[in-house]
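**Q** Here the sequence shown stands for residues -19 to 409, numbered as in our numbering. Beta carbons: idealized from backbone N, C-alpha and C, even for Gly. Below are the structure tokens for one structure; questions will follow.
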Amino acid sequence: ALVTRLAAGLSGQGVKSGDRVAVLSRNSHGFAALRFALARMGAVMVPINFMLKAEEVAYILRHAGAQTLATDSGLADLAKQASALDTQVQQFVWLPSEDASEPVAGMLNFHELAACTSDLAESGLASQDLAQIVYTSGTESMPKGAMLTHDAVLWQYVSCVVNAEIAEHDLALHALPLYHCAQLDVFFGPAIYIGSSNVITAKPVPNNLLALIEKYKITSFFAPPTVWIALLRSPLFDANKLTHLAKGYYGASIMPVEVLKELASRLPKVRLWNLYGQTEIAPLATMLGPDDQLRKPGSCGRAVLNVETRVVNDDMQDVKPGEVGEIVHRSPHLMLGYFNDAEKTRASFSGDWFHSGDLATIDEEGFISVVDRKKDMIKTGGENVASREVEEMIYRLPAVSEVAVIGLPDPKWVEAVTAVIVLKTGQSL
């Protein structure tokens, strides 16, 4: 009922089926309700990373052609600054948040919209209509908007429910920002789809997460490796207080093998899953299940239910086991293409196979191990060095908490392999 009332309220303010509605907000129940209200009325959600600068937010607003922007009190200034930079934004929707319940003046009030009693007109929505446009990180150029249909999102929900074993009895904690497709579409959306109970927080810091897991008896939790590392290093970490936690998921970046072993050792009753994918495939592509975590350490597993994944050479031929190639995907939950960018869309596909840009190997059992992003290969002295392989070696040093390996310009080697290291408290090298 809340979702339908909110959709009717937005409709009364001129939001129509097919309109792009941008969301610049931290995690909140308002964000969650808005996500489904937009789908209900046929509007297209455009989630935006709230850590971007005003100019970067403005680029996405302009490119998407968003006329409505939803935000919360803490991000209202950024929303206004960005919208003033030659965008088409005409109205703002204020969303309540964990820290602020007072609405921002001049913005449409979430609570008032959600109190609408008018009937919601049928949108004439079709399954191949757009549900959302999710912008990539833009590490190589300006961000690209991946167009995902309602069909694609639902196919992906089914893949997640089956392969990640998302169940009705789960009590899930959602802490990664909902603008991120992993949290939004791999965990939160499927949990709603299957009928799980959910706790949402905007504060993914160790003391808050550990307190919430204990307080609500959380059974299911997803976080990128950096957050799992922070939890393990927290002085408040006590496995005896996390006894209800049964399912642990990691993804969004590669989990160092040494950290994975530590996690499995300190939380032996937690079943672990590794998820791999990218925005363009909505985003789940492969998964490494609990039984293979320590048997295939460092692998991202095999293709999930509704995905075909291969590792190929430049001629689109499958590589032999152990050889490095590029990961390509084919799936009903692939994007239609990049919004208003036919050229980049064509360049990303070979027929109906999508080029991931990730280099990997595949073994005799079909398990895939990501080596690096093509763009992250360090070219030094005429050789290609995978930053991840160097990172894995450094993680074996007991004093190391986190490490990132990059290539820096060098007059002799062209690029010098360089490690940036965070040590554990009280440790030295």
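Taking the straight line between their C-alpha atoms, what separation do you get for Trp418 and Ala244?
**A** Absent from the model: residue 418. The displayed extent of the chain is -19 to 409, so no value can be given.
**Q** Whose C-alpha, out of His313, His9, Arg246, His154, is nearest the C-alpha of Asp258?
**A** Note that residue 258 is Gln in the sequence shown, not Asp. Nearest C-alpha to Gln258: His313.
**Q** Does the Cβ-Cβ distance between Ala340 and Val291 come in under 8 Å?
**A** Contact: yes.
**Q** Which first and last residues belong to the beta strand (DSSP E) in which Ser381 is found?
**A** Unbroken beta strand (DSSP E) run through Ser381: 380 to 390.
**Q** Would you mind sorting Pro263 into buried or exposed? The rule is 16 or more other CB atoms within 10 Å of its CB.
**A** Pro263 comes out buried.
**Q** Determine which residues share a DSSP beta bridge with Ile401 and list them.
**A** Note: Ile401 sits in a beta bridge opposite Val383.
**Q** Pairing CB atoms from the region 223 to 238 with CB atoms from the region 174 to 182, are three or more of them under 8 Å?
**A** The answer is no - the region 174 to 182 does not touch the region 223 to 238, with fewer than three Cβ pairs under 8 Å.
**Q** Let me confirm a value: Pro27 is counted as buried when at least 16 other C-beta atoms fall within 10 Å, else exposed. Which label applies?
**A** Result: buried.
**Q** Counting only the same chain and skipping the five closest in sequence on each side, list residues whose C-beta sits under 8 Å from that of Val350.
**A** Counting only Cβ-Cβ distances below 8 Å, and skipping sequence neighbours, we find Ile234, Tyr256, Cys280, Ile307, Asp338, Leu339, Ala340, Arg368.
**Q** Rounding to the nearest angstrom, what Cα-Cα distance links Ala203 and Val142 in this structure?
**A** Distance between the alpha carbons of Ala203 and Val142: 19 Å.
**Q** The alpha helix (DSSP H) that contains Asn143, what's its start and end?
**A** 130 to 143 is the span of the alpha helix (DSSP H), which, as asked, contains Asn143.
**Q** With a CB to CB cut of under 8 Å and the five nearest residues on each side skipped, what residues in its chain are close to Gly86?
**A** Counting only Cβ-Cβ distances below 8 Å, and skipping sequence neighbours, we find Phe72.
**Q** Is the beta carbon of Ala410 sitting closer than 8 Å to the one on Thr51?
**A** Residue 410 is absent from the structure shown; the chain starts at -19 and stops at 409.
**Q** Quick one: what's got a C-beta closer than 6 Å to Met315's C-beta in the same chain, skipping five residues either side?
**A** Here the set comprises Ala126, Met127, Leu128, Glu260.
**Q** Can you say whether Ala232 is buried or exposed, counting buried as having 16 or more other CB atoms within 10 angstroms of its CB?
**A** Buried, by the Cβ-count rule.
**Q** Counting only runs that start and end within the region 151 to 224, where is the alpha helix (DSSP H) found for 4 or more residues in a row?
**A** Runs of the alpha helix (DSSP H) inside the region 151 to 224: 169 to 174, 186 to 196, 205 to 213.
**Q** Assign Ala(-19) to one of two classes, buried (16 or more other C-beta atoms within 10 Å of its C-beta) or exposed (fewer than that).
**A** The residue in question, Ala(-19), is exposed, as its Cβ has fewer than 16 Cβ neighbours within 10 Å.
**Q** Check whether the Cβ atoms of Ala44 and Val69 sit closer than 8 Å, and answer yes or no.
**A** Contact: no.
**Q** Could you pull the start and end residues of the beta strand (DSSP E) that Lys359 belongs to?
**A** It spans 358 to 360 - the beta strand (DSSP E) in which Lys359 sits, taken as one unbroken run.
**Q** Starting from the N-terminal side, write out each stretch of the beta strand (DSSP E) that is 3 residues or longer and does not extend beyond the region 2 to 61.
**A** 24 to 27, 48 to 52, all fully within the region 2 to 61.
**Q** Following the continuous beta strand (DSSP E) through Phe319, name the residue where it begins and the one where it ends.
**A** Neither: Phe319 is in no beta strand (DSSP E) and is coded neither H nor E.
**Q** Looking at the secondary structure, which residues open and close the alpha helix (DSSP H) in which Ala101 lies?
**A** Ala101 -> no alpha helix (DSSP H), and no H or E assigned at all.
**Q** Going by DSSP in three states, Gly(-11) sits in which element: helix, strand or coil?
**A** Helix, per DSSP.
**Q** Give me the Cα-Cα distance between Met122 and Lys249, rounded to the nearest whole angstrom.
**A** Near 43 Å, if we compare the C-alpha coordinates of Lys249 and Met122.
**Q** Per DSSP, which residues does Asn89 bridge with? Please list them.
**A** In DSSP, Asn89 forms a bridge with Trp74.
**Q** Out of Met296, Cys161, Gly387, which one is the CA nearest neighbour of Ser117?
**A** Nearest C-alpha to Ser117: Cys161.
**Q** How is Arg251 classed by DSSP in three states: helix, strand or coil?
**A** Here Arg251 sits in strand by DSSP.
**Q** For Arg282, list the residues DSSP reports as bridge partners.
**A** BP columns for Arg282 point to Met267.
**Q** With distance defined between alpha-carbon atoms, name the residue in Pro76, Ala399, Ala155 nearest to Leu192.
**A** Of the listed residues, the one whose Cα sits closest to Leu192 is Ala155.
**Q** Please name the residue, chosen from Met31, Ala(-12), Ala17, Ala23, that lies closest to Leu4 on a Cα-to-Cα basis.
**A** Nearest of Met31, Ala(-12), Ala17, Ala23 to Leu4, Cα basis: Met31.
**Q** Ends of the alpha helix (DSSP H) at Lys227?
**A** Taken as a continuous stretch (DSSP letters only), Lys227 belongs to no alpha helix (DSSP H), being part of the beta strand (DSSP E) at 227 to 230.
**Q** Going by DSSP, which residues form a beta bridge with Trp333?
**A** Answer is Ser330.
**Q** Where does Met296 fall in DSSP's three states?
**A** Note: Met296 maps to coil in three-state DSSP.
**Q** Out of Glu145, Ser103, Glu82, Asn187, which one is the CA nearest neighbour of Ala19?
**A** Ranking the options by Cα distance to Ala19, first place goes to Ser103.
**Q** Across which residues does DSSP place Met122 in a beta bridge pair?
**A** In the DSSP output, where bridge partners are listed per residue, Met122 has none listed.
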